[in-house]
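Worksheet for the structure shown next.
Number of protein chains: 2
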Amino acid sequence: MTDDSREAIMEATHRALREHGYADLTMQDIADESGKSTSLLHYHYDTKHDLLVAFVGYLIEEFEAEERGMAEKPAEERLREFVDWFVFAPGEDDRAAFHLALLELRAQAPFDEAYREQLRRSDELVRGTIVGIVEDGIESGVFRADAEPEAIARLVFATMDGARTRQATLAEAGYAAEVRDALYEHVLDDLLVDPERAE
Amino acid sequence: MTDDSREAIMEATHRALREHGYADLTMQDIADESGKSTSLLHYHYDTKHDLLVAFVGYLIEEFEAEERGMAEKPAEERLREFVDWFVFAPGEDDRAAFHLALLELRAQAPFDEAYREQLRRSDELVRGTIVGIVEDGIESGVFRADAEPEAIARLVFATMDGARTRQATLAEAGYAAEVRDALYEHVLDDLLVDPERAE
Chain X
1 MTDDSREAIM
11 EATHRALREH
21 GYADLTMQDI
31 ADESGKSTSL
41 LHYHYDTKHD
51 LLVAFVGYLI
61 EEFEAEERGM
71 AEKPAEERLR
81 EFVDWFVFAP
91 GEDDRAAFHL
101 ALLELRAQAP
111 FDEAYREQLR
121 RSDELVRGTI
131 VGIVEDGIES
141 GVFRADAEPE
151 AIARLVFATM
161 DGARTRQATL
171 AEAGYAAEVR
181 DALYEHVLDD
191 LLVDPERAE
Chain A
1 MTDDSREAIM
11 EATHRALREH
21 GYADLTMQDI
31 ADESGKSTSL
41 LHYHYDTKHD
51 LLVAFVGYLI
61 EEFEAEERGM
71 AEKPAEERLR
81 EFVDWFVFAP
91 GEDDRAAFHL
101 ALLELRAQAP
111 FDEAYREQLR
121 RSDELVRGTI
131 VGIVEDGIES
141 GVFRADAEPE
151 AIARLVFATM
161 DGARTRQATL
171 AEAGYAAEVR
181 DALYEHVLDD
191 LLVDPERAE
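Here the protein sequences line up with chains X and A, keeping their order. Take 1 as the starting number for the first sequence in the UniProt record's numbering and just add one per residue. Take 1 as the starting number for the second sequence in the UniProt record's numbering and just add one per residue.
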């Protein structure tokens, strides 16, 4: 399969999940979104399950590529952009719909070794990214030397994931932004060596 | 319906959700768990959906009753017990299974007005409980006078809900406990007027 072909299938899966959710998704939905036949999809991916496992892998690659693009920015800015990324702006219904579909997929993970393995990789990657940002900030003298990167990473990720889930499930546009503001005030601003610089 | 009969149906629903999950749950499963007939269940609840809406209401009542039982305890102890309640101990597979079923139900809420309304009530009740604990702590002089109860409540709830979801979906027993420890260290210990008292 060419890279272009793979990307077209993965982006079609993204759209189909937003449109149909996880539980009702069919190979036909993905075929319709991609303009390819179901037999071509089945040629590359035996089952819908295989395709979805590959799709979570694709999300991980996308995340890695985005993170590489950020690596040159100062730690404080990267941390803020990272946290902001969890917040859906009002009207970003597509993102909320996609998060709901992923939430259903995540709820299957305890019963599905392949999902669980991919989601653990994703989890470690996200936490590792936050750890890296905090370490950079300590090294560059912007964050306090006694900051604990691992603990901060767990706290930030759990908080923003929880906030995003409540925002998506309760359809409350401002929820995640409010949680983010509280996280800044109570946790992230405390990381700064010079709190006067906190926005 | 007598209170006993209602409680028996609600507890049977609790067990059936743990056993079968949300998506596969049938009225027959609930009937089997309760020792009642499906026709009796349908006499009280027109549909499975109506029964599940009532079930979320039942969870809310249970939570309220538990909170009333805690009201006399000191604020710091109540806050710690409240936060600890989100953490599954290793081996509490029943609680993880139930949380997964609820997660699937929550993922339906954007498309289901009755679920959404019940879940918003539940959300407000949990946050209101944390607000009340923080206010009590400020009043009794244990928590700092400038603590912001609303912001603390949003932060604590989003954090522990996110931690619980990751613990249940990734089947990682220690995850929520680690997040809780980070939450204590970075947020809750800061609330104390006398930080020496932090455990």
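The beta-carbon is built from N, C-alpha and C at its ideal position, and this holds for glycine as well.
Beta-carbon separation of residue i and residue j under 9 Å?
i, j, result
"residue 193 (chain X)", "residue 156 (chain X)", "no"
"residue 184 (chain A)", "residue 106 (chain A)", "no"
"residue 13 (chain X)", "residue 51 (chain X)", "yes"
"residue 101 (chain X)", "residue 17 (chain X)", "yes"
"residue 167 (chain X)", "residue 97 (chain X)", "no"
"residue 99 (chain X)", "residue 165 (chain X)", "yes"
"residue 122 (chain A)", "residue 25 (chain A)", "no"
"residue 180 (chain X)", "residue 86 (chain X)", "yes"
"residue 213 (chain A)", "residue 147 (chain A)", "There is simply no residue 213 (chain A) to check, as chain A begins at 1 and stops at 199 in what is shown."
Just mark residue i as buried or exposed, buried being the case when its beta carbon has 16 or more other beta carbons within 10 Å.
i, result
"residue 199 (chain A)", "The predicted position of residue 199 (chain A) is uncertain, since its pLDDT is 49 and thus under 50; a value taken from the coordinates is nonetheless stated next. Per the 10 Å Cβ criterion, exposed."
"residue 22 (chain X)", "buried"
"residue 109 (chain A)", "buried"
"residue 33 (chain X)", "buried"
"residue 195 (chain A)", "exposed"
"residue 161 (chain A)", "buried"
"residue 149 (chain X)", "buried"
"residue 43 (chain X)", "exposed"
"residue 111 (chain X)", "exposed"
"residue 6 (chain X)", "exposed"
"residue 2 (chain X)", "exposed"
"residue 145 (chain A)", "exposed"
"residue 182 (chain X)", "buried"
"residue 189 (chain A)", "exposed"
"residue 71 (chain X)", "exposed"
In whole angstroms, what is the alpha-carbon distance linking residue i and residue j?
i, j, result
"residue 142 (chain A)", "residue 113 (chain A)", "41 Å"
"residue 154 (chain A)", "residue 177 (chain X)", "11 Å"
"residue 68 (chain A)", "residue 140 (chain A)", "19 Å"
"residue 90 (chain X)", "residue 172 (chain X)", "9 Å"
"residue 119 (chain X)", "residue 54 (chain X)", "11 Å"
"residue 133 (chain A)", "residue 66 (chain A)", "14 Å"
"residue 74 (chain X)", "residue 9 (chain X)", "35 Å"
"residue 125 (chain X)", "residue 4 (chain X)", "25 Å"
"residue 83 (chain A)", "residue 77 (chain A)", "10 Å"
"residue 103 (chain X)", "residue 130 (chain A)", "26 Å"
"residue 163 (chain X)", "residue 49 (chain X)", "28 Å"
"residue 191 (chain A)", "residue 64 (chain X)", "37 Å"
"residue 158 (chain X)", "residue 27 (chain A)", "35 Å"
"residue 88 (chain A)", "residue 94 (chain A)", "9 Å"
"residue 175 (chain X)", "residue 117 (chain A)", "16 Å"
"residue 38 (chain A)", "residue 19 (chain A)", "18 Å"
"residue 11 (chain X)", "residue 56 (chain X)", "12 Å"
"residue 62 (chain X)", "residue 29 (chain A)", "42 Å"
"residue 127 (chain A)", "residue 31 (chain X)", "44 Å"
"residue 136 (chain X)", "residue 35 (chain X)", "44 Å"
"residue 45 (chain A)", "residue 92 (chain A)", "31 Å"
Counting along the chain, where does the alpha helix (DSSP H) carrying residue i start and finish?
i, result
"residue 2 (chain A)", "Per DSSP, residue 2 (chain A) belongs to no alpha helix (DSSP H) and is neither H nor E."
"residue 82 (chain A)", "75-84"
Please list the partners that residue i has in chain C, where partner means a Cβ-to-Cβ separation under 7 Å.
i, result
"residue 159 (chain A)", "In summary, chain C is missing from the structure at hand, where the protein chains are X and A."
Alpha helix (DSSP H) runs wholly inside the stretch 100-175 of chain X, at least 4 long, in chain order: Fully enclosed alpha helix (DSSP H) runs of 4 or longer: 113-139 and 149-170.
4 or more residues per run - each alpha helix (DSSP H) lying fully within the UniProt domain "HTH tetR-type" (3-63) of chain X: Those alpha helix (DSSP H) runs which fall completely within the UniProt domain "HTH tetR-type" (3-63) of chain X and span 4+ residues are 3-20, 27-34 and 38-44.
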